[in-house]
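J.: Below you'll find the structure I mean.
Residue numbers (our numbering): 135 to 204.
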């Protein structure tokens, strides 16, 4: 007798595969979110540094800081 080979996946295998793919997607999205947060923090820090440097140049040029405005 020849053994019959089954083709395809069982329902349990499909469910396990879908869960594994969903878990991988969630982990990837979390990593992307962490990277975006880190990039935003770095950009904020760089912008703050540039503002500080601009104020230093202004003060060196005019011997005072800019007046506050409204």
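Even glycine gets a Cβ: it sits at the ideal position worked out from N, Cα and C.
Just the C-alpha distance for residue 164 and residue 140, rounded to the nearest angstrom, thanks.
T.: Near 38 Å, if we compare the C-alpha coordinates of residue 140 and residue 164.
J.: Note the first and the last residue of the continuous alpha helix (DSSP H) segment covering residue 208.
T.: Not covered by the structure: residue 208. The range shown for the chain is 135 to 204.
J.: Compute the beta-carbon to beta-carbon distance between residue 189 and residue 199, rounded to the nearest angstrom, for a pair I have assumed lies under 8 Å.
T.: Confirmed, about 6 Å.
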